[in-house]
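Student: Below you will find the structure I want to go over with you.
Numbering (this note's numbering), first residue to last: 1 to 403.
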């Protein structure tokens with residue numbers, strides 16, 4: 001169960017193009033059991049209607065200016081007291097400046113001054129505005145007064161540019177809300193447990209510029225790390241090279257090769273209650289690594305490979321063995337291969353997914369999992385985004401832990 005269940009989220013929507021994502025964000029929050037009320041700035045009304053947000057939230061939308069009618073209903077003080085969390089998404093440069101300097105000139109900023117709930121902002125602006133010195137000063141100010149900052153991401157922007165300043169996607173914001181609330185209340189199915197997770201690819205160098213690796217983005221492993229924190233765990237993430245931010249509350253150990261990953265895992269495993277091996281570890285590495293770039297010539301080149309360590313098997317056989325969850329990425333015979341790996345490596349659980357061709361799995365595509373416990377009981381987790389899938393898997397792991 002999500003830690004957002006029965007939580008009261010006040011969503012502030014300010015006037016940026018990313019406001020079009022607000023209805024989807026409301027829907028995702030409600031999917032996790034939260035009750036959501038929305039406050040809009042005047043500028044936000046130029047990007048999205050109050051009616052659309054009222055429809056998805058199930059509540060009247062509060063607009064920028066305080067009025068006698070709004071105060072006779074749920075007034076600004078009542079709203080401020082009602083909220084378990086205030087999330088401003090999108091948070092424009094203007095809204096961040098007002099928060100940084102304590103302005104209470106409209107309903108949203110007044111609520112922020114009046115609430116004792118945690119406040120989080122999801123910045124959304126052009127990359128030049130984000131990089132502007134004044135914005136960066138305001139960013140540090142709002143952090144210094146305890147406001148949490150979710151993102152921003154890096155990517156294509158409405159202006160046609162690419163860079164930092166893009167608002168995080170709704171599912172990423174939901175995961176960030178879960179992590180923030182759980183860091184305060186620390187409850188969930190993995191409460192007081194230490195979870196060790198591997199993620200991403202490994203890289204096995206042939207020479208300084210060439211390597212054997214794979215297409216793993218690390219997104220599934222990072223989503224599981226975030227979900228484990230939200231479920232109450234202390235999380236250590238051993239990660240191969242990826243372009244992902246470390247989830248809030250997660251300790252990351254960065255590695256490149258399978259040998260480095262093995263060393264990092266074995267140094268942490270004795271203090272772990274749960275091990276989740278999500279990383280796509282290379283099965284083989286070049287027998288020797290050349291110190292200089294190999295030059296092309298007319299001859300054929302043969303590369304001799306040697307086996308890499310089997311990290312999952314070593315953890316499963318460790319004297320201080322935790323609860324061990326493996327992953328299996330298969331192109332065919334998904335159930336048969338997953339059950340074979342579960343038995344051979346003596347795992348407690350295994351999560352299997354189909355890869356290759358048009359299958360899901362790699363990158364930011366949605367994913368589906370077929371999960372088996374040690375008894376061979378099967379649970380199918382339907383196709384969905386990886387953050388949602390990670391939450392479902394963590395709940396399933398929690399329900400399979402020994403009493």
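Idealized CB from N, CA, C, for every residue including glycine.
When you compare only the Cα positions, how much space is there between residue 318 and residue 208?
Tutor: One C-alpha to the other measures close to 34 Å.
Student: Where in the stretch 43-112 do unbroken runs of the beta strand (DSSP E), each at least 3 residues long, occur, reported from the N-terminal end onward?
Tutor: Here the runs fully enclosed are 85-91.
Student: Under 7 Å, do residue 235 and residue 225 count as touching if we go by C-beta distance?
Tutor: The answer is yes: Cβ separation under 7 Å.
Student: Are at least three pairs of beta-carbons, each pair with one atom in the stretch 187-199 and one in the stretch 215-232, less than 8 Å apart?
Tutor: Contact holds: three or more Cβ-Cβ distances are below 8 Å.
Student: Quick one, are the C-beta atoms of residue 269 and residue 203 less than 7 Å apart?
Tutor: Contact: no.
Student: Three-state secondary structure (DSSP) at residue 152?
Tutor: Three-state DSSP puts residue 152 in coil, outside helix and strand.
Student: Taking the C-alpha atoms as reference points, what is the distance between residue 166 and residue 229?
Tutor: In a straight line, the C-alpha of residue 166 is about 24 Å away from that of residue 229.
Student: Just the Cα atoms here: how many angstroms apart are residue 56 and residue 10?
Tutor: Computed Cα separation, rounded: 14 Å.
Student: Can you tell me where the alpha helix (DSSP H) holding residue 30 begins and where it ends?
Tutor: 22-31 is the extent of the alpha helix (DSSP H) around residue 30.
Student: What does the alpha-carbon distance come out to for the pair residue 329 and residue 352?
Tutor: Near 6 Å, if we compare the C-alpha coordinates of residue 352 and residue 329.
Student: Taking C-beta to C-beta, are residue 91 and residue 123 nearer than 7 Å?
Tutor: Their beta carbons are under 7 Å apart, which means residue 91 touches residue 123 by this criterion.
Student: Can you tell me whether residue 235 sits near the ligand SAH, meaning its C-beta is under 6 Å from at least one heavy atom of the ligand?
Tutor: The model on display carries no ligand, and the ligand SAH is accordingly not part of it.
Student: Below 8 Å on the Cβ atoms is my guess for residue 79 versus residue 111; work out the distance and round it to an integer in Å.
Tutor: Their Cβ separation, rounded to whole angstroms, is 6 Å, which keeps residue 79 and residue 111 in contact under 8 Å.
Student: Extract the residue ranges of the beta strand (DSSP E) inside the stretch 197-282, only unbroken runs of 3 or more that lie entirely within it.
Tutor: Counting only runs of 3 or more, we get 204-207, 210-212, 234-239, 250-254, 274-277.
Student: For residue 348, collect the residues of the same chain with a Cβ closer than 8 Å to its Cβ; drop the 5 residues on either side in sequence, then sort them by chain order.
Tutor: Cβ within range, chain order: 323, 324, 325, 373, 374, 400.
Student: Name the one or two DSSP bridge partners that residue 373 has.
Tutor: For residue 373, which the question treats as bridged, DSSP gives the partners 349.
Student: Can you grab the Cα-Cα spacing for the pair residue 393 / residue 381, in whole Å?
Tutor: About 8 Å.
Student: Tell me the DSSP bridge mates of residue 413?
Tutor: Given a span of 1 to 403 for the chain in the structure shown, any question on residue 413 remains unanswerable.
Student: Tell me the rounded alpha-carbon separation between residue 255 and residue 281.
Tutor: Straight-line Cα distance between these residues: approximately 11 Å.
Student: Mapping the DSSP letters down to three states, classify residue 367 as helix, strand or coil.
Tutor: If DSSP states are grouped into helix, strand and coil, residue 367 belongs with the strands.
Student: For residue 346, which residues from the same chain have a beta carbon less than 6 Å from its beta carbon, with the 5 sequence-adjacent residues on both sides left out?
Tutor: If we look at residue 346 and ignore the five residues flanking it on each side, its Cβ neighbours are 316.
Student: Is residue 383 near residue 368, with beta carbons less than 7 Å apart?
Tutor: The answer is yes: Cβ separation under 7 Å.
Student: Tell me, please, whether the stretch 170-190 touches the stretch 10-27 by the rule of three or more beta-carbon pairs shorter than 8 Å.
Tutor: With a cut-off of 8 Å, the stretch 10-27 and the stretch 170-190 count as touching, because enough Cβ pairs lie within range.
Student: To which residues of the same chain is residue 103 closer than 7 Å at the C-beta, ignoring the five residues directly before and after it?
Tutor: Excluding positions up to five away in sequence, the list reads 109.
Student: Straight-line CA distance for residue 50 to residue 377?
Tutor: In a straight line, the C-alpha of residue 50 is about 47 Å away from that of residue 377.
Student: Would residue 73 be called buried (16 or more neighbouring beta carbons within 10 Å of its own) or exposed?
Tutor: Confidence at residue 73 is low in this model, with a pLDDT of 49, below 50, so its placement is unreliable and the value that follows should be read with caution. Flag for residue 73 reads exposed.
Student: Between residue 265 and residue 311, is the Cβ-Cβ spacing less than 7 Å?
Tutor: Taking 7 Å as the Cβ cut-off, residue 265 and residue 311 qualify as a contacting pair.
Student: Looking at the structure shown, is residue 461 part of a helix, part of a strand, or coil, going by DSSP?
Tutor: An answer regarding residue 461 cannot be provided, because it is not within the stretch 1 to 403 covered by the chain.
Student: Give me the Cα-Cα distance between residue 117 and residue 320, rounded to the nearest whole angstrom.
Tutor: Rounded to whole angstroms, residue 117 to residue 320 spans 41 Å at the Cα level.
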